[in-house]
Every structure is written in structure tokens, then in C-alpha cells.
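Peer 1:
Protein chains: 2
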Amino acid sequence: MADVNARGNTRELVLDAALASFGTAGYDGTSLDDLAAGLGIRKQTILYHFVSKRRLLDAVVDRCAGDLAAALEEVLARSRAEATAATSAGPPAGGPSSSDWDRVEDMVKVVFRIALERPVLLGLLREVSRPGSPGAVRVRTHLEPLMARARRWMEDEMAAGRMRRTDAQLLLLSAYSTVVGVATEIEVLRAAGVGPTLRPVVRRRAELLRFLRSSLDPSA
Amino acid sequence: MADVNARGNTRELVLDAALASFGTAGYDGTSLDDLAAGLGIRKQTILYHFVSKRRLLDAVVDRCAGDLAAALEEVLARSRAEATAATSAGPPAGGPSSSDWDRVEDMVKVVFRIALERPVLLGLLREVSRPGSPGAVRVRTHLEPLMARARRWMEDEMAAGRMRRTDAQLLLLSAYSTVVGVATEIEVLRAAGVGPTLRPVVRRRAELLRFLRSSLDPSA
DNA sequence: CAGGCCCTCTACCGAATGGTCAGGACAAGG
DNA sequence: CCTTGTCCTGACCATTCGGTAGAGGGCCTG
């Protein structure tokens, strides 16, 4: 159909379409022929850029994970800058863990914002988080370093008394599955005819933040 | 493999295996040949009992929905009996809506118990709640009457002032997607190597109950 | 024993799928 | 002009899939 191909960006177009299809129809439910037809292209072109269907999925996962990691990295850097600015401005004894909490909150917020702005991304995550799914290992290798890093940071903060003691990994996994669960919720709502309502998503976010706060805030 | 076929229950065996496979590998990811091979049976035997793959999915959905409906019906009947017993024992002006709330709580509890005892059932629900999935319409036709009934009941209670006024449908859908989301959470946890921990599920249940209470309890 | 009936099997089919191979279009550069 | 490399395509292939046709066997009833 709309083969608006300005030369050279075929790869990107394929990645976009593949993300959408994998996220909605699933990996098995996506055929390379259909994917190509939707782009006004032949299947062999897809196989030229990405050697196999499996590698195409890997590429899609890689790009999404890259986007996510970049967004997190950015908010992390910004948050860190603000934190140092605040601590250099005021005395370090001002608020013991408020900047920690702000950072956590910022992370949650940016993740939810991405989830809302690019729902297909959540669809892919949901699809790929099924055990045994191809690409499950791929997404794990992407997420594991992030998780490990967050976990180390949290455990450091706990050791320093700026966070309450809890099972950091379980907390992180809980937060993760909340976000993935939002994908389900959006789909359920849409299937029930309810339009893209913001309320439930906001509620989930508030729920997650409250849960995190009650688990982490030392003054609770 | 273990073709322990005591004659006559082939149908049930197929239904069990199909539920497990549909719930984990998905509809597209399930092949009739594999399904049959796992039962020490030929694919044509499956097609004899269930005319087509699609109808097999329908049958699986039907049975699951039947089980769920039966469990709900049972707890509903029991709860109703207790309610009438309580109101006949004490004066009707005793507690205005406490039995209402008990009923809601019982329903939530029984659903979560089923979710824990038969996780495959949740897997199927998760798989089938994807829009465009075959069987999505089937599960909708099963769930819609239940939903409509619950909604009417809630709206009656609201009109009578025994429940707080809210969007009943949105509330029900939120509860529904919470339950489906539990499936995701369990899978995520298992994929991360965390054993079948009870805690997060219990936490979700508490969260849902709190949300429902805060939305419905008139004394809040 | 005959004749259904229920259940399962072997054999086969057409369609679709992921993937291979050789080659065409075309721009860059010698 | 010819070569070279990039990008894309048509023709083809092997496999797998869901589904059909028909035969055979156990079993109950007449």
C-alpha cells in the first residue's frame, strides 16, 4: 500500500510495522508475507535486512529496549543533576531521603508516560514476557542489567538507612509486572468499548507509587 | 507418551491439554499435532471430538467459563444465605451495607483462589483477552452476562444508598484486569527465577479490595 | 451372526509459512 | 565502459499446518 519509501529507511519502516504486529497479533500470529504486504514490499526484502524472522524480533526488542533504557538514563541524569544542585545549595542534612524518593517517582512517571505514548511497546513486552516465547531471553538480557543496577542502588540506600529494608528484587519485579499489567488493562478496556480512558492508568500509577512509598519511605 | 486412556475420557484429556497449551504457548503457538503427540494420540482423534481447532478453543473457553461461573454462583448463593440468616436473626437496621461488602469480598477472594489454584486458567484468559484473538468474542459472550448482572446489582445498591456512587462498569473492568494482570505477574516472577511466591498475589488482592472498599463503602 | 455405533487410525490434500538462490535496477567510482 | 556494492525482487523449496476421506476395530443390541 503506502510504500512511501524515501530510500534508506526501509529498515526502520519494517521495524515499526513489526513492532506493531508482534505487539498485537503476537510472534506466531505475524507472517512475514502479511508484514511485507502491509508495507508494499516483498517478504524477501525483510529477510534481506533481517536474516530471519527470529532475528527480526530480536532487532525489534533491541530497539525498544534501547529506547526505554535511553529514557530512563535521561531522567536519571536529570534527577541526579537536580539532586547534586539541591544538596550543594542547601545543607546535606536538609532532607535525608527526599531526593531518593523523587528519583524513584521520576522513574515510575517516565515509564508510565512511555507506556501511554507508545502502547504497542507495552504490547510487545507483554507478548515477549511469556515464558518460552522467542525473544524472552533477549528481553531478559536487556532488562537484567537495569534491574541489577536498580537493585544494587536500592540495597545501598537501604544499607545507608535512607530506604526501608525490603526485598529489592521482589519490589522491582512487582513494579515491572504492574507496568506490563497496564497493557492488559488498556486492551481489556478497549475491547469492552470503553475509550482510551486515562483514569485507570493514573490509578495504577498512584497505586504503584503508594506501594513503593510504603515499602521504601523510612519515615513510615 | 503417557496414553493412560481409561476409555471415554479422551475428550476431557484433550480439553485439559489444550487448556494448558493455549494458556502457555497461545492459540497460534499450539499445533494439533503436538497436542495429540503429547497425549499419545493422533491429531484426527482431536478433530473427531472437536470439529476444528477453532471449536476446540471454544470448548476450552466454555468449560473454563463454566467452572468460573459455577464457583461464583456457589459463593453467591452461600453469601446470600448468610445474609438472610443474619438479617432474620438481628434487626434489619443492624448494619446497612456490611453484608454487601462481605459479598463483594467473598467474590474477590474466590476468584483469586481459583487464579492461584489453576494458573493455566489465567493464562488462557490472558491469551484470549487480546483483541482480535479468536475466542475473544467467545469469552466476551460468557463474561458479559456476569458483568451486566454485577453491574445492575451494584447500581441498585448505589441507588439504595448502600454503596457509594461510581462508574460501576469501569470498576468491574478494573477488577477484571487486575485479576488478569496477576497472570502476568506470576509468569514474570517465575521467569525471573523467583519461586511461586504467595506474597505479591496476596498484595494484589489486598490492593484490589482496598480499591473496591474505597470506591464502594458509603462510610468513607 | 449381522448391523449399527462409537472411537481411533492411516493416508492424503491444499494452503500458508519461513527461508534459499540467482538475478535485476541503480548509483558510485575507477 | 565496466566494475562493485547496495537494495530489492521473482521463482522456487521444504516443512508444517488445519482439515478431509475412508477404513478398521471394539462393543452393544437384535
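Those sequence lines, one after another, are chains A and B.
Following our numbering, the numbering of the first sequence begins with 366 at its first residue and continues without gaps.
Following our numbering, the numbering of the second sequence begins with 366 at its first residue and continues without gaps.
Where is the CB? At the ideal position from N, CA and C, for every residue including glycine.
Fair warning: this is a prediction, and the values are worked out from it, not measured in the lab.
1. Taking only beta-carbon atoms, is Asp352 of chain B less than 8 Å away from chain A?
2. Going by DSSP in three states, Met595 of chain B sits in which element: helix, strand or coil?
3. Please compile the residues from chain A whose C-beta is within a distance smaller than 9 Å of the C-beta of Arg555 of chain B.
4. Are the C-beta atoms of Gly455 of chain A and some chain B residue less than 8 Å apart?
5. List the residues of chain B whose Cβ lies closer than 7 Å to the Cβ of Gly391 of chain A, in chain order.
6. Grouping DSSP H, G and I as helix and E and B as strand, with all else coil, what is Leu535 of chain B?
7. Applying the 10 Å Cβ sphere with the 16-neighbour rule, what's the burial state of Gly558 of chain B?
8. Quick check on Lys418 of chain A: does DSSP put it in helix, strand or coil?
9. Residues of the segment 514-538 of chain A with a CB closer than 8 Å to any CB of chain B: list them in chain order, please.
10. From what residue to what residue does the alpha helix (DSSP H) around Leu404 of chain B run?
11. Between the Cα of Gly560 of chain A and those of A:Val567, A:Ile551, A:Arg568, spot the shortest distance and give me the residue it belongs to.
12. Is there a Cβ of chain B sitting closer than 8 Å to that of Thr506 of chain A, yes or no?
13. In chain B, which residues lie less than 7 Å from Asp541 of chain A when you measure between Cβ atoms?
14. List, in chain order, every chain A residue whose beta-carbon is nearer than 9 Å to that of Ala501 of chain B.
15. So which residues on chain A does Arg419 of chain B lean against when the C-beta distance must stay under 7 Å?
16. Look at Val475 of chain B and Val426 of chain B and say whether their C-beta atoms are less than 8 Å apart.
17. In three-state terms, what does DSSP make of Ala557 of chain A?
18. Please report the residue range of the alpha helix (DSSP H) in which Ser494 of chain B lies.
19. Taking a Cβ distance cut-off of 9 Å, strictly less, list which residues of the segment 475-487 of chain B are near chain A, in chain order.
20. What residues from chain A crowd round Pro565 of chain B, counting only those whose CB sits closer than 9 Å?
21. Which same chain residues end up closer than 6 Å to Gly500 of chain B when comparing Cβ atoms and leaving out the 5 residues on each side of it in sequence?
22. Determine, using beta-carbon pairs with one atom in the segment 539-554 of chain A and one in the segment 527-543 of chain B, whether at least three such pairs fall under 8 Å.
23. Starting from the Cα of Met523 of chain B, find the closest Cα among B:Trp466, B:Leu437, B:Val566, B:Val504 and give me that residue.
24. Going by C-alpha to C-alpha distance, which of B:Arg529, B:Ala533, B:Arg569 sits closest to Ser579 of chain B?
25. Ordered along the chain, which non-local residues of its own chain (more than five positions away) have a Cβ less than 7 Å from that of Gly526 of chain A?
26. Answer yes if the segment 403-421 of chain A comes into contact with the segment 430-437 of chain A, meaning at least three C-beta pairs across the two stretches below 8 Å, and no otherwise.
27. Identify whether Ser579 of chain A lies in helix, strand or coil by the three-state DSSP scheme.
28. Would you kindly work out how many angstroms separate the C-alpha atoms of Ala513 of chain A and Leu581 of chain A, rounded to a whole number?
29. Please list, in chain order, all residues of the same chain as Val504 of chain B whose beta carbon is under 8 Å from its beta carbon, the five residues on each side excluded.
30. Flag this pair as yes or no: are the beta carbons of Ala390 of chain B and Gly497 of chain A separated by less than 8 Å?
31. When you compare the CB of Glu311 of chain B with every CB in chain A, is at least one pair closer than 8 Å?
32. Buried or exposed for Val567 of chain B, please, with buried defined as at least 16 other CB atoms from any protein chain shown within 10 angstroms of its CB.
33. Please state the DSSP three-state secondary structure of Pro586 of chain A.
34. Please classify Pro510 of chain B as buried or exposed, where buried requires at least 16 neighbouring CB atoms within 10 angstroms.
35. Against chain B, does Arg443 of chain A count as a neighbour if the rule is that its beta carbon must be under 8 Å from one of theirs?
Peer 2: To lay it out plainly:
1. Because chain B spans 366 through 585 in this model, residue 352 of chain B falls outside it and cannot be assessed.
2. Chain B is shown from 366 up to 585; residue 595 of chain B falls before or after that span and cannot be answered.
3. Pro496
4. Confidence is the limiting factor: at Gly455 of chain A the pLDDT is only 48, short of 50, which leaves the residue's position unreliable, though a coordinate-based value still follows. It does not; no Cβ of chain B falls within 8 Å.
5. Gly391, Asp393
6. helix
7. exposed
8. helix
9. Gln534, Leu535, Leu538
10. No alpha helix (DSSP H) holds Leu404 of chain B; DSSP gives it neither H nor E.
11. A:Ile551
12. no
13. Per the sequence shown, the amino acid found at residue 541 of chain A is Tyr instead of Asp. Result: Val553.
14. Ala556
15. Within chain A, no residue comes near Arg419 of chain B; the closest Cβ sits about 14 Å away, beyond 7 Å.
16. no
17. coil
18. Counting along the chain, Ser494 of chain B falls outside any alpha helix (DSSP H), and DSSP gives it neither H nor E.
19. none
20. Leu535, Leu538, Ser539, Ser542
21. Leu422, Val426, Val493
22. yes
23. B:Trp466
24. B:Arg529
25. Pro583
26. no
27. helix
28. 17 Å
29. Val426, Ala430, Leu490, Val493, Ser494
30. yes
31. Absent from the structure is residue 311 of chain B, since the part of chain B shown begins at 366 and ends at 585.
32. exposed
33. There is simply no residue 586 of chain A to check, as chain A begins at 366 and stops at 585 in what is shown.
34. exposed
35. no
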